[in-house]
Amino acid sequence: MFSELENKVVVITGSGSGIGKAMAEVFGKEKAKVVLNYRSESHMKELDALQETIQKSGGDSITVQADVSVEEDVKRLVETAVKEFGTIDIMINNAGFEKATPSHEMSMAEWQKVLDINLTGAFIGSREAVKQFLKEDKKGIIINTSSVHDTIPWPNYVNYAASKGGLKLMMETMSMEYAQHGIRINNISPGAVVTEHTKEKFSDPKTRAETLEMIPAREIGDAKDVANGALFLASNLASYVHGTTLYVDGGMMNYPAFMGGKG
Ligand code: BGC
Numbered sequence: 002m003f004s005e006l007e008n009k010v011v012v013i014t015g016s017g018s019g020i021g022k023a024m025a026e027v028f029g030k031e032k033a034k035v036v037l038n039y040r041s042e043s044h045m046k047e048l049d050a051l052q053e054t055i056q057k058s059g060g061d062s063i064t065v066q067a068d069v070s071v072e073e074d075v076k077r078l079v080e081t082a083v084k085e086f087g088t089i090d091i092m093i094n095n096a097g098f099e100k101a102t103p104s105h106e107m108s109m110a111e112w113q114k115v116l117d118i119n120l121t122g123a124f125i126g127s128r129e130a131v132k133q134f135l136k137e138d139k140k141g142i143i144i145n146t147s148s149v150h151d152t153i154p155w156p157n158y159v160n161y162a163a164s165k166g167g168l169k170l171m172m173e174t175m176s177m178e179y180a181q182h183g184i185r186i187n188n189i190s191p192g193a194v195v196t197e198h199t200k201e202k203f204s205d206p207k208t209r210a211e212t213l214e215m216i217p218a219r220e221i222g223d224a225k226d227v228a229n230g231a232l233f234l235a236s237n238l239a240s241y242v243h244g245t246t247l248y249v250d251g252g253m254m255n256y257p258a259f260m261g262g263k264g
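In structure tokens:
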């Protein structure tokens, strides 16, 4: 579909499952060289299968274990990509974590964990990618997986909403800083999407009905919908797209409570 992505080196953090895995599949189909990443061994089986799928599609891949919240791990991840494939063209900071806790009961450890993975992890990944792009004088691309909760407040998820709100300004700031070098930095913000992580909550009829009420399109998204958005942002079609957020959310950002035409 996008021949310019053939042989491009794409690092995707958190690609053992969910949106990251769907991204790895679509980039594999474009015959990219995909650097898969996981934190915990529990995703090893999926990753082996994913490597096979990518290879079958004509792409190439390697798998690197790294915890995005650990600076040395992210450095090693980018270094390995460069060592194995000679360069890095696209960095996708996708790894994320969420867990509900009322704000007044949230421990510092719970607060910090989410900030470390979702915000600091994306910062380290962006910084290391930019360093490499500048070194090679390359018009590299960075895409961060954010959320509709970079804008919509989310009770019981204060750490998550704060991390994604921060991710929005982090992306905008870094884009402003490096756009002059031809480096494109954007976010992709999913709404409610079915993944291994959300499957359970969306299979509960009450939660599902409540969620659908918040989506003008009246359907829960698929990880593939988000992956396709990332493909667009990485393609030449988006060559003038800098410092913006692509919401893939069935219209969730668009005040669905007003759908009835009242107010
Ligand atoms: C979260 C999902 C949630 C969606 C809409 C996403 O950022 O990861 O769990 O369903 O936002 O609230």
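For the sequence shown, my numbering begins at 2 and goes up steadily by one. Positions of the beta carbon are idealized from the N, C-alpha and C atoms, including for glycine.
**Q.** Residues bridged to S236 (per DSSP)
**A.** Residue pairing of S236 in beta bridges, as defined by DSSP: absent, with no partner found.
Q: Tell me, please, which residues DSSP counts as bridged to V10.
A: DSSP lists K34 as partners of V10.
Q. Between E47, M92, E197, G60, which lies nearest to V69 when the distance is taken from Cα to Cα?
A. It is M92.
Q) Which stretch, first to last residue, makes up the beta strand (DSSP E) that contains L213? A) Where L213 is concerned, there is no enclosing beta strand (DSSP E), although the alpha helix (DSSP H) it sits in stretches over 206 to 214.
Q | M24 classed as buried or exposed, judged by whether at least 16 other C-beta atoms fall within 10 angstroms | A | Flag for M24 reads buried.
Q) Under the rule that 16 or more other beta-carbon atoms within 10 Å means buried, what is L51, buried or exposed? A) Classification for L51: buried.
Q. Could you give the C-beta distance for I221 and V194, rounded to a whole number, given that I count them as a contact under 8 Å?
A. Confirmed, about 7 Å.
Q) Hey, would you say V159 sits closer than 8 Å to P191, going by beta carbons? A) Between V159 and P191, the CB-CB gap reaches or exceeds 8 Å.
(Q) Measuring CB atoms only, is the region 116 to 132 touching the region 43 to 50, in the sense that at least three cross pairs come out at less than 8 Å? (A) No contact exists between the region 116 to 132 and the region 43 to 50.
Q) Going by Cα to Cα distance, which pick from S16, S62, K22 is closest to V10? A) The option with the nearest alpha carbon to V10 is S62.
Q.
Taking the alpha carbon of T199 as the reference point, which residue from T14, K100, K76 has its own alpha carbon closest?
A. The residue with the shortest Cα to Cα distance from T199 is K100.
Q. What are the start and end residues of each continuous beta strand (DSSP E) run of 3 or more residues lying completely inside the region 46 to 93, in chain order?
A. Segments of the beta strand (DSSP E) lying fully in the region 46 to 93: 61 to 66.
Q.
Can you look up P191 in the DSSP assignment and give me helix, strand or coil?
A. In this structure, DSSP gives P191 an extended state, which the three-state scheme calls strand.
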